[in-house]
Amino acid sequence: MNLKDKKLLILDGACGTSIQNMDLPDAVWDDNEGCNEYLCLTAPERITEMHLEFLKAGADVIETNSFGGTSIVLGEYGLEDRVKEINTAAVMCAKKAIEQHGAGWIAGSVGPGTKLPSLGHISVDDLAAAYKEQIEALVDAGVDLILLETAQDILQLKTVLVTCYEVLEEKKQDIPVMVSVTIESTGTMLAGTDIAAAAAIIEPYPVFSFGLNCATGPEDMLSSIRWLSHNWPGRISCLPNQGLPEIIDGKTTYPMSPDAYAGELKTFVADWGVSLAGGCCGTTPVHIATLKKTLAESAPAERKIQA
1 MNLKDKKLLI LDGACGTSIQ NMDLPDAVWD DNEGCNEYLC LTAPERITEM
51 HLEFLKAGAD VIETNSFGGT SIVLGEYGLE DRVKEINTAA VMCAKKAIEQ
101 HGAGWIAGSV GPGTKLPSLG HISVDDLAAA YKEQIEALVD AGVDLILLET
151 AQDILQLKTV LVTCYEVLEE KKQDIPVMVS VTIESTGTML AGTDIAAAAA
201 IIEPYPVFSF GLNCATGPED MLSSIRWLSH NWPGRISCLP NQGLPEIIDG
251 KTTYPMSPDA YAGELKTFVA DWGVSLAGGC CGTTPVHIAT LKKTLAESAP
301 AERKIQA
């Protein structure tokens, strides 16, 4: 089945949380601790194992370990010249997991980076050049989707969208593009844009889906999901955190139980028409397995878009 034909897609959970929970020797970091993407080179079997656990839990789509895979972020570790190598390795780790599992699709993860153009951290031209390099590497390596995720700045989002579609046109590739913004508990993106304004920016592009991820648990996403249900004509995605993080015994933890998480997302699917459901920070394979079971008999609600 083509992924575009599947009415309800389940995505995986948190890459960062999974890596945090791994018992990794110091040697795999090579003094690059914190650069999760580097593990695609030094511990590829562990990254493949992470992907495989989410596939076994029921995920249809796994996201590559390439969230910070631009030269901008990698440059903070002196790895700016290894963008193609690292992003290619990230896709290979995911491909091996799918080969072992026998099914699944790969979403090439493209994060917001650490420098926002609206705040004057970086020029649009430099940002676009960095995204072009990463997206070219992901496309060449053979991803099935491109996930532009955790967008916090509307100028950053427009830059990566334009760049992404330029790369796809240059390479004559028809790869679905998912867009996911981060809406804070204040009701806007970090730079102050609300969901309606973000939708207006994205609307001219032929994106596969538009939705939310990160920052909050599902309960704080409800108003934005409801707005999308009534106003966004395309598919809607929702990948929430497992509540707000808490520090317990010096470790960051997320309090939302798998049952509570799955129950909230079932409502989003059944009542508001979400058709791509997964998780962000704190989401484990247990959460995804519970989500898969909970949504077994569910289908996205029919939506009537307001004129």
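Sequential numbering from 1 applies to the sequence shown in the UniProt record's numbering. Just so you know, even glycine gets a beta-carbon here, dropped at the ideal spot from N, CA and C.
Comparing alpha-carbon positions, which option in the options lies nearest residue i?
i	options	result
P117	D249, P285, A151, M22	A151
T267	P255, M221, V286	M221
L8	C280, T114, S224, V269	V269
E76	H101, A43, D31, C40	D31
G243	P233, R235, V181, S257	S257
M22	K4, I122, E53	E53
S123	T253, Y165, Q156, I195	Q156
N304	L138, D271, L3	According to the sequence displayed, residue 304 carries Lys and not Asn. For K304, the nearest C-alpha among the options comes from D271.
A43	A301, A94, I146	A94
A61	S298, E37, M50, G104	Note that residue 61 corresponds to Val in the displayed sequence, not to Ala. It is G104.
Y254	G279, G234, S275, L127	G279
S129	V160, E99, I146, L147	Before going on, a small fix: residue 129 reads as Ala here, not Ser. Considering only alpha carbons, the answer is V160.
L145	C35, V73, R46, M178	M178
L55	A89, I10, E33, I19	I10
K6	L24, A59, L119	A59
G13	E297, A299, P285	P285
residue 313	L74, L148, L265	What is shown of the chain runs 1 to 307, which leaves residue 313 out entirely.
Q173	D140, L190, L127	D140
N241	Y261, D249, P233	Y261
L147	S66, M1, D259	S66
I288	M50, G34, D26	M50
S18	M1, T48, N2	T48
K158	L190, E297, A301, A200	A200
L119	E219, L190, E99	L190
L168	T88, E133, A301	E133
Please say whether residue j and residue i have beta carbons closer to each other than 8 angstroms?
i	j	result
N231	Q306	yes
V143	A97	no
V91	T64	yes
C238	G16	no
A57	K251	no
T294	G263	yes
S223	G187	yes
S180	G217	no
A137	V207	no
I135	V110	yes
I236	A215	no
E37	I86	yes
S229	L276	no
V274	I202	no
Y165	T70	no
L79	R46	no
W227	A196	yes
D153	P112	yes
K4	P233	no
L127	A89	no
T290	D249	no
List the endpoints of the continuous alpha helix (DSSP H) containing residue i.
i	result
W227	222-231
E136	124-141
T267	258-272
C40	39-42
T290	285-294
V73	71-74
Give me whichever residues DSSP pairs with residue i in a beta bridge.
i	result
W105	V61
K6	According to DSSP, which records beta bridges pairwise, K6 is partnered with nothing at all.
R46	BP columns for R46 are empty, so no partner.
V110	L148
A277	I10, C238
Counting only beta-carbon separations shorter than 8 angstroms, does residue i have a partner in chain B?
i	result
L291	Within the model displayed, chain B is absent; a lone protein chain is all it includes.
Go to residue i, then tell me how far its beta strand (DSSP E) extends in each direction, as first and last residue.
i	result
E246	246-248
S237	235-239
T17	Counting along the chain, T17 falls outside any beta strand (DSSP E), though it belongs to the alpha helix (DSSP H) covering 15-20.
I146	145-151
K251	251-253
Entirely within the region 165-212 and at least 4 residues each: give me those alpha helix (DSSP H) ranges in chain order.
Complete alpha helix (DSSP H) runs here, min 4: 195-202.
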